Structures are given as structure tokens and as C-alpha cells.
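Counting in my numbering, the final residue of the sequence shown is number 624, and the numbers go up one at a time with none missing.
C-beta atoms are modelled at their ideal positions from N, C-alpha and C, and glycine is treated no differently.
Please read these numbers as outputs of a predicted model, since none were measured by experiment.
Report on the following structure.
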Amino acid sequence: MTRSPIAFGVFLFGLVSTIVFASDPEPTTDFVLPRGVDSAILDGNYFTSTILRNDTMGSGPYSTTTQVSVENFPALQGLGISMSLARYSPGAVVRPQIHPRATELLYVLEGTLDVGFIDSTNKLFRQTLQTGDLWLVPQGMVHFLSNLNDTSEARAVAAFTRSNPGYIDVAASIFGSNERISKQVLSKSFKVYESVIQTLFEAQEQEPISSSVRASP
408 MTRSPIAFGV FLFGLVSTIV FASDPEPTTD FVLPRGVDSA ILDGNYFTST
458 ILRNDTMGSG PYSTTTQVSV ENFPALQGLG ISMSLARYSP GAVVRPQIHP
508 RATELLYVLE GTLDVGFIDS TNKLFRQTLQ TGDLWLVPQG MVHFLSNLND
558 TSEARAVAAF TRSNPGYIDV AASIFGSNER ISKQVLSKSF KVYESVIQTL
608 FEAQEQEPIS SSVRASP
């Protein structure tokens, strides 16, 4: 059976339209200007950030992350990109987390990292990364990292597909929200006694999320 050129054209147009509409809106300017600012007075300083210039490693059981997003680098507005620099002290971990608005591409600068994410079917994808390796985390997936070396630090840089990828710490969201989810709901959800949930509430209060992230992602 022959296919009509018109029908095929309609099919192709529909396919391309679906792809376009699923992506970010098409930019209509070279970049987004700050409100009330004339582009004529902008110079290279607007497109430069020194946030990472003197970045230093933190200490403790978690990672130390400096996020560069539209919140602290306004030139990123509307360009669909951001990044972060993470330093992991020996044995440090990144608690299970989610970036609800962006896919993450991680590049290991130094050290060895154990990484993984869980997809919507609850399948765990796990890998051990060496210096120079890349790791991809699809948007919205729960993921984690840890520094496998107990004596040496590790470093990594991550790129995101949004200027503000968002950040949700799973444990902090469930057990450290400003108004607590009822212990009855959580005990039934996790199939544990309410006393266990109370212990997790108290543990979250003792070690808030701000201790592991210097600049909010």
C-alpha cells in the first residue's frame, strides 16, 4: 500500500511538534536581561560568576555542595542550564534526593564514588565511578552517592538541564517537614511501629539538611 505524501507530511509535522512542545520554550532573545537594565551597559561581569573560585571542602558524614543556579547567577535565567561542585570527605554520603525539574549529568573530578538511582518501577541502577567517569540521573529520579574511600576526598561537578533544578532531600521531606506527617500514616506506609517513626523524627531534628548543603540547589 502506497503512503500519501500529504498524510506522511501531517505525520511528520505532528511528530516534530510533539518533540518541540515537550522541550523548553524557544528563546526569543540572546539572553534574559535583569528587569530595568539596558543591555548597552552590560559587560562580561554579568556573564561571570566567582562562586566556585575559593570553594573548599567541608567535613562530616555528608557531602558539601555549592550550587550555581539562577538564584545566585542571574545570567542563567531562561537558558536551561546550571551546575554544582561537590566535595566528599572520606566516607561521606549524599542522602537519597530528587531534582524535580532537571536531568543531572555528573562528572567525577577525583576519587571513587558509589552512585545509583531508582526508576518508576523501583528498579535500582547502581555503578561505581572512577575519576573521569560520567553518570546520568534522569529528571525526578531518587538517587544517592557515597565516597567509597575512607581516607581520601572525592570531587565531582554536575550539570543540570534547568537553570533551577530544584532539590528534595527524601528523608528531610518525609521526617523533617515543617508540619509533620502523622505517625500513623508513616508507620503504616513503612510497616514499622510508631515508636520507630518517632525516633526518625527526633533524628532529623538533631541533624537538619542545612548541615550538608552550603548553597541550596
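Under a Cβ-count criterion, where at least 16 other Cβ atoms within 10 Å of its own Cβ denotes burial, should residue 518 be classed as buried or exposed? buried
How would you label residue 533, buried or exposed, when you count the other beta carbons within 10 angstroms and need 16 or more for buried? exposed
What do you get for residue 454, buried or exposed, if any count of 16 or more other CB atoms within 10 angstroms of its CB means buried? exposed
Indicate whether the contact test is met: 3 or more Cβ pairs, each with one atom in the region 588–607 and one in the region 497–507, closer than 8 Å. no
Which residues does DSSP list as the beta-bridge partners of residue 517? 562
Along the alpha helix (DSSP H) that carries residue 579, what are the first and last residues, could you check? 577–582
How is the alpha helix (DSSP H) around residue 610 delimited, first residue to last? 601–613
Between 497, 530 and 536, which has its C-alpha nearest residue 512's C-alpha? 536
Please identify the residue among 478, 544 and 592 whose C-alpha is closest to the C-alpha of residue 552. 544
For residue 491, the first and last residue of its enclosing beta strand (DSSP E): 489–495
How big is the Cα-Cα spacing for residue 489 and residue 479? 10 Å
Any idea if residue 436 is buried or exposed, counting beta-carbon neighbours within 10 angstroms, 16 or more meaning buried? exposed
For residue 578, which residues of its own chain have a beta-carbon under 6 Å away from its beta-carbon, when the five flanking residues on both sides are left out? 502
What residues in its chain sit with their C-beta under 7 Å from that of residue 430, if we drop five residues either side in the sequence? In this prediction, residue 430 scores a pLDDT of 48, lower than 50, which makes its location untrustworthy; no coordinate-derived value is stated.
Contact set for residue 583: own chain, Cβ-Cβ below 6 Å, skip 5 residues either direction: 611
Name the DSSP bridge partner or partners of residue 523? 533 and 551
Counting only the same chain and skipping the five closest in sequence on each side, list residues whose C-beta sits under 8 Å from that of residue 549. 503, 504, 505, 524, 525 and 577
Cβ pair residue 520, residue 563 closer than 8 Å: yes
Around the C-beta of residue 495, are 16 or more other C-beta atoms found within 10 angstroms, so that it is buried, or is it exposed? buried
For the ligand NAD, is there a heavy atom less than 7 Å away from the beta-carbon of residue 457? Absence of the ligand NAD is noted for the structure shown, with no ligands found whatsoever.
Measure the C-alpha to C-alpha separation of residue 600 and residue 498 and round it to an integer number of angstroms. 31 Å
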